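Using the working numbering, read the sequence shown as starting at 480 and increasing by one per residue.
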Amino acid sequence: MPISTKLTKALGIQHPLIQGGMHYVGYAPLVAAVSNAGAIGCITALTQPSPEALQAEIRTCKALTKKPFGVNLTLLPALSPPNYDEFAQVVEDEMSSGQLRLIETAGHFKGLQPFVTKFKEAGAFIIHKCVTVRHAKSAEKMGVDMISMDGFDCAGHPGEADIGNWVLFPKAARELKVPFVASGGCGDGKQLAAAIAMGAEGMNMGTRWMATNEAPIHQNIKQALVDGDENSTTLILRSFRNTERVFKNKAVDEVQKLESEFPGDFSKISHLMKGENYRKVFQETGKIDEGVWSAGTVMGLIDNVVSCHQLCDDIISEAEEVITGRLQNSVDIGTDKETSEKSKASSSAPSITPHWLLQYKYCDNISDARIPHRASHIQHATDFKASGKLVMGGALSDLTGATVVFKTKEDAEEFAVNDPYTCNGIVTSWEVREWSVVDV
Ligand SMILES: Cc1cc2nc3c(=O)[nH]c(=O)nc-3n(C[C@H](O)[C@H](O)[C@H](O)COP(=O)(O)O)c2cc1C
């Protein structure tokens, strides 16, 4: 069952998941793998040494996927800033085929407006990354199409407001006119379901995509993300009001020591902060202690390196299960509304309505075995639900089986016999039992 949101509809993608720009990670192979998996990846423009190199990277990406993908353009203060206009021109030139339409902008507002205007005129869909609702409102005024709300957990630049997602997302939902995606600390399906519940149109992730087979970074970095946990990040550059959440390592210890001795004096830490150290650790040596590199607290939820396809499947199926199981089951919709209302009108005494529980036992390797039959199973359930025969149902949280509620025994049996899960051995046994729903 697809999860369809304003994000998937606007960009013509399958899953409401974005791979945000990542310095020295967001190269064509990862971006294409993310997009081929049904989400959408972004090439990090300024990781490329020149506008010409960015153009070549975009073309490589086009050769690797026919799916939509994006480009991240980060406007950050720098001693010698890159020529943003030339980078932006390359992006605009490459947009003509329509495959590249998403532009993820980030960084300082100063200078953002001309890029928004230029990209919008070229037909772009712009998602601007913000860490506060106040900034998001300013970006909204500039004409961006969507906001990526990056809470305090995020890798990279969480800003100076230190607001966590639990408040940030509902507040964004209340106050923004444009839609937003959840970002920062995102990595699993429970979070996607929660993000949608809080008003988001999907999730943007950074760190989680680094621990995928296709991420073009050294294996040691991926392993460090698996080995690390939610305590393995720390904050630097607070004294510059340019806070960065990074992986806690020896280089970062040294930066923190120097920063506390010489707050706000970049000359004391510049040798440790060099982009070249970052690039070398990711792209060449894998020596995780020898550079300062971004990572988020979502490490606490990363316990494997998987393909982008598998990651999307895992997140989407978990979100579906939460939405159709746990969330739906939490609402007392187990009684037929009409019957219940009629009985309430005619009498104050409890009414008893017989329902039928179909109880499934699943095979041991359910997670893998169900994949090819999942869509047809869900369609089967959707058809029964639409015809009013199926009341509610869902898998048990440990995936050993499922329980589905019907109004008649015959419907329950017909459902079980024809279910693609039963026909293909996913269901190893089933039984139908009577269950009295008491409406008091
Ligand atoms: C290694 C790394 C490099 C990043 N570089 C950039 C960047 O150049 N520009 C940008 O806008 N965001 C950058 N980000 C932030 C991500 O796009 C995304 O917003 C963030 O990672 C979300 O938080 P999460 O890592 O908890 O998922 C980077 C993140 C990581 C992990």
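Ideal Cβ placement from N, Cα and C applies to all residues, glycine included. Predicted model only: the values in this text are computed from it and were never measured.
Closer than 8 Å: residue i CB and nearest ligand 1 heavy atom
i: VAL504; result: yes
i: THR553; result: yes
i: THR523; result: yes
i: ALA774; result: yes
i: CYS665; result: yes
i: ALA532; result: no
i: ASN710; result: no
i: ARG758; result: no
i: THR526; result: yes
i: LYS608; result: yes
i: GLY643; result: no
i: VAL510; result: no
i: ASP782; result: no
i: GLY668; result: no
Cut-off 8 Å between Cβ atoms - residues of its own chain near residue i, not counting five sequence neighbours on either side
i: ASN756; result: ALA730, GLU769, GLY770 and VAL771
i: GLN735; result: THR713 and ILE715
i: THR861; result: MET480
i: ALA489; result: PHE604, ASP624 and MET625
i: GLU590; result: The amino acid at residue 590 is misidentified as Glu; the sequence shows Gly. The answer, listed in chain order, is LEU554 and TYR563.
i: SER786; result: ALA512, ALA516, THR691, ASN692 and GLU693
i: ILE492; result: LEU486, SER514, GLY517, ALA518, ILE519, LYS546 and PRO547
i: LEU878; result: TYR841, ILE845 and SER846
i: CYS665; result: LEU671, ALA674, MET682, ASN683, MET684, ARG687 and VAL777
i: TRP909; result: LEU837, GLN838, TYR839, LYS840, ALA895 and THR901
Member of the options whose CA lies at the smallest distance from the CA of residue i
i: VAL610; options: SER575, GLY505, GLY549 and SER662; result: SER662
i: GLU619; options: PHE604, LEU875 and LYS759; result: PHE604
i: THR484; options: ASP667, MET574, MET682 and ASP564; result: MET682
i: LEU496; options: HIS834, TRP835, ILE794 and CYS902; result: ILE794
i: ALA676; options: ALA507, MET625 and LEU806; result: LEU806
i: VAL513; options: ASN562, GLU693 and SER529; result: GLU693
i: GLY668; options: GLU799, PHE594 and GLN592; result: GLU799
i: THR427; options: GLU680, HIS852, LYS759 and LEU704; result: There is no way to answer for residue 427, as the model of the chain reaches only from 480 to 919.
i: ALA567; options: HIS856, ASN728, PRO649 and ILE537; result: ILE537
i: ALA615; options: ARG853, SER575, TYR563 and VAL660; result: VAL660
i: GLY678; options: PHE719, ARG653, GLN698 and MET689; result: ARG653
i: GLY873; options: GLN670, GLU889, CYS902 and THR803; result: THR803
i: ALA532; options: ARG580, LYS546, THR596 and GLU565; result: GLU565
i: LEU836; options: MET684, GLN527 and VAL916; result: VAL916
i: GLN702; options: SER749, VAL784, VAL569 and TRP645; result: VAL784
i: ASN808; options: THR907, VAL883 and ILE522; result: VAL883
i: SER576; options: PRO556, LEU875 and ALA601; result: ALA601
i: HIS788; options: SER746, VAL510 and MET501; result: VAL510
i: LEU543; options: PRO508, PRO560 and GLU573; result: PRO508
i: ILE781; options: VAL810, ASP811, ASP708 and SER749; result: ASP708
Cross-strand partners of residue i (DSSP beta bridge)
i: THR726; result: The sequence given here places Phe at residue 726; Thr does not occur at that position. DSSP, once it has assigned bridges, lists THR712 as partnering PHE726.
i: ARG912; result: LEU836
i: THR584; result: LEU552 and HIS607
i: ALA874; result: ALA881
i: VAL917; result: ILE831
i: VAL785; result: THR691
i: PHE659; result: ILE626
i: MET621; result: The partner list for MET621 (beta bridge, DSSP) is empty, contrary to what the question assumes.
i: GLN498; result: GLY520 and MET684
i: LEU579; result: PHE548
Own chain, CB closer than 7 Å to residue i, minus 5 neighbours either side, in chain order
i: GLU892; result: VAL911
i: LYS599; result: ILE605 and GLY622
i: GLU913; result: PRO833 and TRP835
Same chain only: Cβ atoms within 6 Å of residue i, ignoring 5 sequence neighbours per side
i: THR686; result: ALA634, ALA774, GLY775 and VAL777
i: ALA848; result: CYS842 and ILE905
i: SER826; result: The predicted position of SER826 is uncertain, since its pLDDT is 49 and thus under 50; a value taken from the coordinates is nonetheless stated next. Nothing listed; no residue qualifies.
i: GLN438; result: The structure shown does not extend to residue 438, since the chain is modelled only from 480 to 919, so the question has no answer here.
Cutoff 9 Å: residue i Cβ touching any chain C Cβ
i: GLU723; result: The displayed structure is made up of one protein chain only, and chain C is not part of it.
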